[in-house]
Every structure is written in C-alpha cells, then in structure tokens.
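K.L.:
Got a structure for you, questions after.
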Amino acid sequence: MKKRIAFLMAAVLVMATVFAACGTKPTPSASPAVYKVGVIHIGNPEDGAGYSYAHDQGIVEMQKNLGLKDEQIVRKLNIGDTDSAATRTAIEECIEAGCKIIFATSYGYMDTMEAMAEEYPDIIFSHGTGYKSNGKNFNNYFGRIYQPRYLAGIAAGLRTESNKIGYVAAQPISNSEVTGGIDAFAKGVAAVNPDAKVYVKVTNTWFDLALEGSTAEALIDLGCDVIAQHCDTTAPQIAAENAGVWGCGYNSDMTDSAPNAHLTAPIWNWGVYYTTAVRAAMDGKWEELGNYYGGLKEGFVDISPLTKNCVEGTKEIIDQVRELMISGEFGVFDGKQVVVENGKVSLVDEALLDNQGNVIVEAGGPCLDDATIQGKINWYYENVVLQ
Amino acid sequence: MNTIINFLFAAVKNGAPLLLGTTGEIITEKSGSLNLGVEGIMALGAFAGYYAGYKTGSLIMAILAAFLVGALAGLIFAFLTVTLQANQNVTGLTLTIFGSGVALFFGEILIKQRPKLSAALNALLSGTEIPLLSKIPVIGRILFSQNILVYLAIIIAVLAGIYLKYTRLGLKVRAVGENPAAADASGIKVALTRYVNAMLGGGICGIGGAYLALINGRGDWDNNSVSGQGWISVALVIFARWSPFGALLGSLVFGAFYVFQIRVNDIVATFPFLGFLSKIPNAFYSMLPFVITALVLVISSVQKKKVGVQPSSCGINYYREDR
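Protein chains in written order, with this note's numbering: chain A, -17 to 369; chain X, 304 to 626.
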C-alpha cells in the first residue's frame, strides 16, 4: 500500500514538472540577482591578450554595467571549436548551472548552437562571428572589423620602408572574414602608399603560437618590415619585436607584448554587444534585438591607441578617415578611395579591383552589401600577393 | 640563395628540440629501455624550464630545472620497469599521459600569472652569433647564428654519440641493451646501467621540452608547446637508426618539413621550375615525416644487416632469476 502511495506521489510530481515546463515562455525574464550568463571560450582569457581575453573583457564590462555578481557568470575555457562533442558538453554544463543566455565566441560552435537551440527553446543562444540564426532563441553577432583594419593599413602603409608588408592569415581565401580583412587592410595601405605590397601567408589555424611565430619570421625573411595578423596569438608581434621590425596586432592592444614594434591593432569592444544583449534578454525584449552587426559608429570596433612607433602625422590622417567611415561617406568596399594631400584627406572615385585585374565595384559604385561582406569575399585586393 | 639559407636556418631552429628528444630517447633505448613517455617528459620539461626561466630570469636555471624534472620522470620509468618489472610499453604510455596532464594542470595555473619572460632572457634566447664562425658564408648563418639552445642541442648530440660509440661506459650500455644476461655475467650492473641511462635520457628530453617552451613560445607561455613533438622524436629514433649522429641529420630533415609548409611558396618564387610544389596542400607536408618514418621502418626491418637496428633487448625487462 505504501508503495502505491509513493508511486502515485511520484507520478503527480512528474506531471507537475511537465506542466510547469510547458508553461515556460521562450523569452524568460528574471530578476537580475539570479540571471546567469554562460560563455564558451576557445582559449583561456587569462592569457592577458588576444581573442578570448578581448571577449572576456567585454563580459566583465557587461557584468559591471548590469551589476551582475561573479557567480552569475559561467565560463567554459579551452573548448575546441572543431570538437562538437566538447562544445555540446560545455553548453549543457552551462544550462545545468542555470544559465539563461549562452554566448559562444568562436565560429566553429555555430552548428552545435543551432542544433541545441531547437532542443532547448527556453534558453537563448547567441553565437559570435558566424552567420546562422533562427529568428527566435538563436542569433549571431559580429562587427565591421574591416573598418579598423583599413585604419591599421594606413598606419602600416605610412610606416613601411621596404614597401613590403607581411600578413599572417589564419584561414585561406575561402574564408570571407579573413579575406575581407586582408582586402580592407591592403586598401588602407594603398591609400597612403601605392608602391607597397601586402604579402599574405596562411597558417590554417586560429591559435598556434609556434606556427604563427614561424610564419611571421618567414615573412620577415622575405623583406617585410611590418607584420600584420589575423590570428589569435601575440607570437607574430613578438617575432616582429625580436627582428626589429614593426607590426599590427589584432583583437586587443598588443603593445605590451611588443613595445618597440607595435603600431596599432584592430580591436573589438565586445562589451558593447554583451551589455545590449544581456539587458534585452533580462528585460524580456530579446526578440526585438535580432542579429547584431556593429561597426565604428556603435563603438563596437576600433583601433587601439597609436603608439610612438607610428610615423608622425598618422593620427591626423586616421582620425579624418574614421570620421568618413562613421558618417557613412566611405564604406571601404565601395568604388571610392581615400587620398591624402598635405595631410588633408578626401575621397575620389576609384574602381575596386582584385589582384587578377577583375573589377569588383565600378568607380563611384555603391558599397558591397553586408551579406556579401560577411560571406562572399573570396578575392584579394590588387596589391595583395599570396605567398 | 637567401631563400634557401633562411629556409635551412629555420629548419635547424625547428629541428633542435627534436634533436634533444631523439638523443635522449636513443640513450634510453641503447640501455634496453623503450620509454614511450617522451611526449610527457617533454611536456614536464617545458613547464619546469619555462617556470624556472620566468622566476629566476636565468637560462642556466631553466635548463637545469628541465633536466632535473626530465631525469625524475626517467627515474619513475626505471623504478617501474627495472625494479617493479612493469611492462615498458604500458609504463611509457602512462608516463605520456601523466606528464602531459601534470604539465597542463600547472600550466593552467601559471597562465593566470601572465608569465612573460624578462626582456634580458628573451634577448638572450632570440639568438647569439658565434664570433668568427658566424662570418663564414652560408654555413655561418645556418649553424652559427642560432640561439644558445641550438648549440647546446648539437653539443649534447655529439657528446652522446661519442659516449655510446667510443667509450668503455658506452660499450657497457650497449651490452646491457643487446644482451643483459651476458652483460650481467661479465660483471656489468644491469639495473644500475638502466637506471642511470633512463634518467640521463629523460633529462635530455626534458631540455628538449624547455626548448619548445622557451624558443617557440617567444616569451609567452604556451600550454600546447609540445603537441606531438615527443612522438616525432620517438619516430626519429628509428629514422636515425639508434645513432645520435644520425639524429643530427634526421632532426634537420624533420625540422625542414615543418618549415617547408610555411615557406614552400618562397622557394617556388626563387626557383620557378619547382612550381608544382605549391600546388600540393600543406597537410601533405605535415604528413611527410610520418610517411618517411614508416618507410624507414619497413626498409630497416627488411634489411638483414646488424648495424643500425633496435638493440635486441630493447623493450624487454631483465629478470636475473630467469637466466
């Protein structure tokens, strides 16, 4: 008899749980004191520089802006983004820990996130640097990093003496994010130094200290005297420092790692998005947010402060170009180019050409649309040499 | 020409840690112990060397720490296999997992301190030209403008070669590796020989790990600095045919393969007739060292010669009462 009562009670409990689950809205709103945020990192932010560090600074900024306590942030570190089983485990652990919104910071998490968004409709999945979304509890966030890359290109083009600039690229031409970044950087170089060429070497990895450093050294051996990078470690900048040449980092200000080499780095202010996103989620306004693609105008991307290693007059030129980008007059991937005369910046019509001589945009033509910039830049700008 | 010199310079630089790992393993195997734990020992050496270098700012302390930790790992191996008679393959594999795990654990703690090497140590590691010798055309740049650890690696390999081949002590080591029962009968202390050489070999592997952390990390701590190079070292022992002199050549070849994938297009730009090389995917070049090792293994097992093969008791524990 006792057993039967126990069974009945258990059944009632199960039913109650099921009904309670059905009642949960897909847009949760909770009091700030219990709202938990999960973050999936590909590296370890405690490195103090680089990709994961930049994201984590953004999380910390969001935490301060919204007054969240430390225990409300759940971090998963060193989760390989090609390892979908590890990604799934990390996300499940976040959900078990009570996270209502989960940020995944690397491209490769995308498909796992997409699948899990279907399985957990009451959890918000926000994926960085990808392009997929489901219009409900799964969005993507990214930014116009090509804008500060163009500005960094100006600093590099003014600095180089050998007119050879090296670029350590994480991914080959098929990756629009990397290739578009190279093109913007190279167009910035061309604006101030038409004689300079940008030599690109591809590492096929996002994070490999030894390989990225060796690649930078190979570029320096070619005669490059500025080393730019689209990869996640500081190794290329340290290689530049050791060889006595200059460099442009990425993700965060890398001046500490290479004080005598570093010019400036295109950087992310991820906190701008993380604050917006978590606030929207907590206020139950998540569905109004949609996908996010911020630029210089929103303060989401910028360059780190120019160092003493830049040539004189760099700042004045870059400030004027930045204004043209913020006002929308100059879109980088359009039929216009910046010209500098006596320190004065103006725009002229000029066709956007690739290094095979194909016209991408006619002179004076409109800027490529965002979908093309995010996913379909598979050509190199005219002064780029793939090495 | 410069392209080729720069290529060979980078090949020597990237081959040196393999040279250390291989030399260490050759000494161990020559005494009859097959220690498959090189990957783990190098990881431990990487951590110990970097930590000591970071804390003291002294390269000598870094090398010493890496050697001692490596030797300690060798001692563990010898204790398990010689005294406790544990299976050598299993012990070696365990040592790989154990060493990598311990190094990763402490490495994660170390990362939180943002450990950057001091500017003075970094400058010392970035290269030292040997006076006069570095002025020799071509060879001067490739061999005598490297960092101190490269010179150390070459010296260790040459000394190890002399030790094993030309000294009485080395003769005893080889006797223990080939036929421990006979060696024992002639009065050689088999257990002691295996202990000492496992520790010596482990210590040298440890320095190889320190090389990876100090040189390839370029002043930053890298938790994954070893990532497979210990295994390549084990493979290189076969390629080098159990001779440290062979390891000199082998590590240069394997180092060259590593940098080749980065520099193939520079070489093609200098020698246009090699254009087909840049059409081959990079992954192929990363794979080549392993393919070549497999080929060497096949060839050396087919050959009937007694020179340059694995010591006949390597991997087999010696138990006196079995005689």
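Positions of the beta carbon are idealized from the N, C-alpha and C atoms, including for glycine.
It should be emphasised that the depicted structure is a prediction, and the values quoted were computed from it without experimental measurement.
#1: Entirely within the segment 84 to 141 of chain A and at least 4 residues each: give me those alpha helix (DSSP H) ranges in chain order.
#2: With 9 Å as the limit, tell me which residues of the segment 18 to 45 of chain A have their beta carbon closer than that to any beta carbon of chain X; keep them in chain order.
#3: From X/A349 to X/K415, what distance separates their C-alpha atoms?
#4: With a cut-off of 8 Å, does the C-beta of A/I220 fall near any C-beta of chain X?
#5: What three-state label does DSSP hand A/I147 in the structure shown?
#6: Give the straight-line distance between the Cα atoms of X/F587 and X/S581, rounded to the nearest whole angstrom.
#7: Using CA atoms only, rank isn't needed, just tell me which of A/K58, A/G148, A/T354 is closest to X/D569.
#8: Beta carbons nearer than 7 Å to chain A: which residues of the segment 555 to 577 of chain X have them?
#9: Assuming X/A423 and X/G360 are in contact, meaning their beta carbons sit under 8 Å apart, how far apart are those beta carbons, in whole angstroms?
#10: List the endpoints of the continuous beta strand (DSSP E) containing X/R544.
#11: Am I right that A/W228 and A/N291 are in contact with their C-beta atoms under 8 Å? What's the rounded C-beta distance?
#12: Excluding five sequence neighbours on each side, which residues of the same chain lie with their C-beta closer than 6 Å to the C-beta of A/G110?
#13: Can you tell me whether DSSP reads X/S530 as helix, strand or coil?
#14: For A/W250, report the span of its beta strand (DSSP E) as first-last.
#15: Quick one: Cα of X/L446 to Cα of X/S589, how far?
#16: Taking contact to mean at least 3 C-beta pairs separated by less than 8 Å, is the segment 555 to 570 of chain X in contact with the segment 261 to 273 of chain A?
#17: In the DSSP output, what is A/A210 paired with across the bridge?
#18: Whose C-beta lies closer than 7 Å to the C-beta of A/Y89 among residues of the same chain, with five residues either side of it excluded?
#19: Going along the chain, which residues of its own chain have a beta-carbon closer than 6 Å to the beta-carbon of X/T399, five neighbours each way excluded?
#20: Mind checking whether A/V330 and A/V321 have CB atoms under 8 Å apart?
#21: Does the segment 361 to 368 of chain A come close enough to the segment 309 to 317 of chain X that 3 or more CB-CB pairs lie under 8 Å?
#22: Find the residues of chain X that neighbour A/Q369, judging by a C-beta separation of less than 8 Å, and give them in chain order.
#23: Would you identify the three-state DSSP class for A/C292, choosing helix, strand or coil?
#24: In whole angstroms, give me the CA-to-CA distance for X/I451 and A/I106.
#25: For my contact list, X/G352 and X/A374 are in at a C-beta cut-off of 8 Å; report their separation, rounded to the angstrom.
#26: Between which residues of its own chain and X/E624 is the CB-CB distance below 7 Å, once the five residues before and five after are set aside?
#27: When DSSP labels each residue in this structure, what does A/K7 get in the three-state scheme?
#28: What does the alpha-carbon distance come out to for the pair X/I457 and X/L551?
#29: Output, in sequence order along the chain, the residues in the segment 200 to 214 of chain A whose CB is closer than 7 Å to any CB in chain X.
#30: Where does A/A76 fall in DSSP's three states?
#31: Go through its chain and collect everything with a Cβ distance to X/G410's Cβ below 8 Å, but skip five positions before and after it.
P.N.:
Looking at the atomic coordinates:
#1: Runs of the alpha helix (DSSP H) inside the segment 84 to 141 of chain A: 92 to 101, 128 to 141.
#2: Answer in chain order: N26, E28, D29, G30, A31.
#3: Position 46 of the second sequence holds residue 349 of chain X. Position 112 of the second sequence holds residue 415 of chain X. Taking the straight line from one Cα to the other gives about 17 Å.
#4: Looking up residue 220 of chain A in the first sequence gives position 238. Interface residue, yes.
#5: Walking along the first sequence from the start, residue 147 of chain A turns up at place 165. Three-state DSSP puts A/I147 in a strand.
#6: Mapped onto the second sequence, residue 587 of chain X falls at position 284. Mapped onto the second sequence, residue 581 of chain X falls at position 278. Taking the straight line joining both Cα atoms gives about 11 Å.
#7: Here residue 569 of chain X is taken as the residue at index 266 of the second sequence, counted from 1. Comparing alpha-carbon positions, the option among A/K58, A/G148, A/T354 lying closest to X/D569 turns out to be A/G148.
#8: Hits within the stretch, in order: V562, I565, R566, N568, D569.
#9: As a first step, residue 423 of chain X must be located in the second sequence, where it is residue number 120. As a first step, residue 360 of chain X must be located in the second sequence, where it is residue number 57. Here X/A423 really is in contact with X/G360; their C-beta atoms are around 6 Å apart, less than 8 Å.
#10: In the second sequence, counting from the first residue as 1, residue 544 of chain X sits at position 241. Looking at the DSSP string, X/R544 is not in any beta strand (DSSP E), and its letter there is neither H nor E.
#11: Translated into positions along the first sequence, residue 228 of chain A becomes position 246. Translated into positions along the first sequence, residue 291 of chain A becomes position 309. Beta-carbon to beta-carbon, A/W228 and A/N291 are separated by about 6 Å, close enough to satisfy the 8 Å threshold.
#12: Translated into the one-based positions of the first sequence, residue 110 of chain A becomes position 128. Here the set comprises T87, Y123.
#13: Against the second sequence, residue 530 of chain X aligns to sequence position 227. X/S530 falls in the coil class under three-state DSSP.
#14: Locating residue 250 of chain A in the first sequence gives position 268, where the first residue counts as 1. 248 to 250 is the extent of the beta strand (DSSP E) around A/W250.
#15: Mapped onto the second sequence, residue 446 of chain X falls at position 143. Mapped onto the second sequence, residue 589 of chain X falls at position 286. Taking the straight line joining both Cα atoms gives about 24 Å.
#16: No, the segment 555 to 570 of chain X is not in contact with the segment 261 to 273 of chain A.
#17: Numbered from 1 along the first sequence, position 228 holds the residue referred to as residue 210 of chain A. In the DSSP assignment, A/A210 forms a beta bridge with A/Y149, A/C230.
#18: Taking the first sequence and counting its residues from 1, one reaches residue 89 of chain A at position 107. So the list reads D63, T111, G112, once near-sequence residues are dropped.
#19: Mapped onto the second sequence, residue 399 of chain X falls at position 96. For X/T399, where only same-chain residues beyond five positions count, the Cβ hits under 6 Å are G340, E342, G343.
#20: Along the first sequence, read from residue 1 onward, the residue named residue 330 of chain A stands at position 348. Along the first sequence, read from residue 1 onward, the residue named residue 321 of chain A stands at position 339. A/V321 sits close to A/V330, with the two beta carbons spaced by under 8 Å.
#21: Of all C-beta pairs linking the segment 309 to 317 of chain X to the segment 361 to 368 of chain A, fewer than three are shorter than 8 Å, placing the two stretches out of contact.
#22: On the first sequence, position 387 is the one that residue 369 of chain A refers to. From the beta-carbon of A/Q369, the residues of chain X found nearer than 8 Å are N568, D569, A572.
#23: Stepping through the first sequence from its first residue, residue 292 of chain A is reached at position 310. Under the three-state reduction of DSSP output, A/C292 falls in the coil class, being neither helix nor strand.
#24: Position 148 of the second sequence, counting from 1, holds the residue named residue 451 of chain X. Position 124 of the first sequence, counting from 1, holds the residue named residue 106 of chain A. Each residue's Cα considered, the two are about 53 Å apart.
#25: Translated into positions along the second sequence, residue 352 of chain X becomes position 49. Translated into positions along the second sequence, residue 374 of chain X becomes position 71. Distance from X/G352 to X/A374 at the Cβ level is roughly 13 Å; contact not present, criterion being Cβ atoms closer than 8 Å.
#26: Counting from 1 along the second sequence, the entry for residue 624 of chain X is found at position 321. Contacts found: none.
#27: Within the first sequence, residue 7 of chain A is the residue found at index 25, counting from 1. Low per-residue confidence applies at A/K7: pLDDT is 43, beneath 50, and the placement is therefore not dependable, though the value from the model is reported in the following sentence. Collapsing the DSSP output to three states places A/K7 in coil.
#28: Within the second sequence, the letter at position 154 stands for residue 457 of chain X. Within the second sequence, the letter at position 248 stands for residue 551 of chain X. One alpha carbon belongs to X/I457, the other to X/L551, and they sit about 7 Å apart.
#29: Correct list: A200, D203, L204.
#30: Within the first sequence, the letter at position 94 stands for residue 76 of chain A. In the sequence under discussion, the amino acid at residue 76 of chain A is Cys, which differs from the Ala named in the question. A/C76: helix per DSSP, three-state reduction.
#31: In the second sequence, counting from the first residue as 1, residue 410 of chain X sits at position 107. Exclusion of the five residues before and after X/G410 leaves F350, W524, N526 as the residues of its chain whose Cβ lies within less than 8 Å of its Cβ.
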